Each structure stands twice: as C-alpha cells, then as structure tokens.
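Student: With full-length UniProt numbering applied, the sequence shown closes on residue 209, and no number is skipped along the way. For each residue, glycine too, the CB sits at the ideal point set by N, CA and C. This one's a predicted model, so the numbers in the text were calculated from it and none came from an experiment.
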Amino acid sequence: MQIEMHADVLCPWSYIAKRRLEAASALSGTPIKIVWRSFELSPEGALISGDSAADMIRQWRGDAAEARIAQITGFATVEGIKLDLENARPVNSFNAHRLVHLGAASGKADAVMERLLRAYHSEAENIADRGVLDRLGREAGLAPGAVAQLLAGDDFAAAVRADKRLAVERGISGVPVMVLAGTAPTSAVKPVEELAKLLRQAAASEPSA
C-alpha cells in the first residue's frame, strides 16, 4: 500500500510517525511504501546551526517547555528512537529534501530519510552541510557520483517546491501528515493500533482487494 507522508527531517514527530507506521504495517499485515513529500518547517533556516531544538522549544513554550521536551523524548524512546534535542540544531532542510528525492529516483527514499532522521535527531549532524549530506547519501546507498551531482546543481529543487504546493492544496500546515489512497490528509502521529486499523481499512477498500 502506498502512503504519502508530508514530513520534515527536522521534525521529531516525523521520526516517531515513521516508526509507528512501520510497526502498524507489521501489526496489520499490510505492506506499505511511503512516498515522502517534502515539507520545510523552517524554509528561511540558516545553513549554519544555532540554537538547539530544545532551546527553541523553550523559547516557544516558556514554562511548559520542559514538559513538552520530556513528552517528545518519551514518545521517541518507546519507539526505539534516541532523541538528542539538546544538541540537534535546526538548519535549512531544503537540500536534505532534495537528497530524499534523489533516493526516490533509485528506490532508496526510505533509506535516505532514515539516515537523515538519525543523523539529525540522534547524532546532532548538520544536515544543511553539503559535506555531511554527501556522506549521509552515500551511507544510505546512493551512488557517490549522483550525490555529488545533486549537491553541485539544482536537481530535484522543483520537486521539493512541488511538494510544498501540494501541501498547500491539501490544506496541510504542519507535519507529519499522511494521505492514504482515497482518504483525506490525517495526522500520522497516532497510536500504532489506530494506524494499523486505518491500514486494514484502506487495504480492504483498494480495487484489487
């Protein structure tokens, strides 16, 4: 089953949603293929890292920040994800999204997204740095020449912008949001059991079912 997922590498909820969907796929017995749709949470973000993700949450949430940080970290831990919000530093994710599209062209989008998510959230890598992206792309299985060509030019820039327009058309203003065939966009941060139910229902309604 194909699932379109509007997500950003910078979003810890997108990482959590990926894990939950994988678990829901196994629970429901429904194989899935995720089509990653680029969504920049901070399109004006810098290429050089500044404040940490945790510090930014503190700026936004004030007195409620520590509870929010604990909540996100706790949910991630349940899914086997080690978040390092104190050291992960939000940057511009445009080129990271281009890398995912390059991965999709060779059937490796999921591997590329997985590597980027782990690098940013767990390893505090600067995913706007071209040297880092070059290494991560190759570690995810992409051909070195293809990654180098991507980073030297503007390949898939139009695809990232097209995904942004698609999100607007669908009324999506935050992520992660998933779209199953024939259904309206819905939050992908749901309990595994609920996601599994949605997958079963969608599979049952497919023409080939």
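So ILE81 is in the beta strand (DSSP E); what residue range does that whole segment cover?
Tutor: Within the sequence shown, the letter at position 81 stands for residue 81. No beta strand (DSSP E) holds ILE81; DSSP gives it neither H nor E.
Student: Are there 16 or more other CB atoms within 10 angstroms of the CB of VAL168, so buried, or fewer, so exposed?
Tutor: In the sequence shown, the residue the question calls residue 168 occupies position 168. Classification of VAL168: exposed, given that the 10 Å Cβ count is below 16.
Student: Going along the chain, which residues of its own chain have a beta-carbon closer than 7 angstroms to the beta-carbon of ASP8, five neighbours each way excluded?
Tutor: Translated into the one-based positions of the sequence shown, residue 8 becomes position 8. Excluding sequence neighbours, ASP8 sits near SER14, PHE39, GLU40, LEU41, SER93 and VAL175.
Student: With H, G and I counted as helix, E and B as strand and the rest as coil, what does DSSP make of MET5?
Tutor: As a working note, residue 5 is residue 5 in the sequence shown. Three-state result, MET5: strand.
Student: Can you grab the Cα-Cα spacing for the pair SER25 / MET1, in whole Å?
Tutor: Locating residue 25 in the sequence shown gives position 25, where the first residue counts as 1. Locating residue 1 in the sequence shown gives position 1, where the first residue counts as 1. So the alpha carbons of these two residues sit roughly 10 angstroms apart.
Student: Check LEU180 in the structure and name its three-state DSSP category.
Tutor: The residue labelled residue 180 in the question sits at position 180 within the sequence shown. Note: LEU180 maps to strand in three-state DSSP.
Student: Taking a contact to mean a Cβ-Cβ separation below 9 angstroms, would you say residue 219 touches MET56 in this structure?
Tutor: Residue 219 is absent from the model: the chain starts at 1 and stops at 209.
Student: Looking only at its own chain, which residues have a Cβ that is under 7 angstroms from the Cβ of GLY141, when we skip the five neighbours before and after it?
Tutor: Looking up residue 141 in the sequence shown gives position 141. Closer than 7 angstroms at the Cβ level, and outside the excluded window around GLY141, lie LYS108 and ALA111.
Student: Expressed to the nearest angstrom, what Euclidean distance is found between the alpha-carbon atoms of SER28 and GLU114?
Tutor: Numbered from 1 along the sequence shown, position 28 holds the residue referred to as residue 28. Numbered from 1 along the sequence shown, position 114 holds the residue referred to as residue 114. C-alpha separation (whole angstroms): 22 angstroms.
Student: If you count every other CB in all the chains shown that lies within 10 Å of the CB of ASP63, and 16 or more means buried, which is it?
Tutor: Here residue 63 refers to the residue found at position 63 of the sequence shown. It is exposed - the Cβ of ASP63 has fewer than 16 other Cβ atoms within 10 Å.
Student: Any idea what DSSP makes of THR73, helix, strand or coil?
Tutor: Indexing the sequence shown from 1 puts residue 73 at position 73. Helix at THR73.
Student: Taking 9 angstroms as the threshold (C-beta atoms), are ALA188 and ALA17 in contact?
Tutor: Residue mapping note: residue 17 aligns to position 17 of the sequence shown, counting from 1. Residue mapping note: residue 188 aligns to position 188 of the sequence shown, counting from 1. In contact: ALA17 and ALA188 (Cβ atoms closer than 9 angstroms).
Student: Can you give the Cα-Cα distance for PRO144 and ALA119, rounded to whole angstroms?
Tutor: Residue numbering aside, residue 144 sits at position 144 when the sequence shown is read from its first letter. Residue numbering aside, residue 119 sits at position 119 when the sequence shown is read from its first letter. Roughly 18 angstroms separates the two Cα atoms.
Student: Cβ atoms of HIS101 and PHE156: under 9 angstroms apart, would you say?
Tutor: Within the sequence shown, residue 156 is the residue found at index 156, counting from 1. Within the sequence shown, residue 101 is the residue found at index 101, counting from 1. A contact, by the Cβ cut-off of 9 angstroms.
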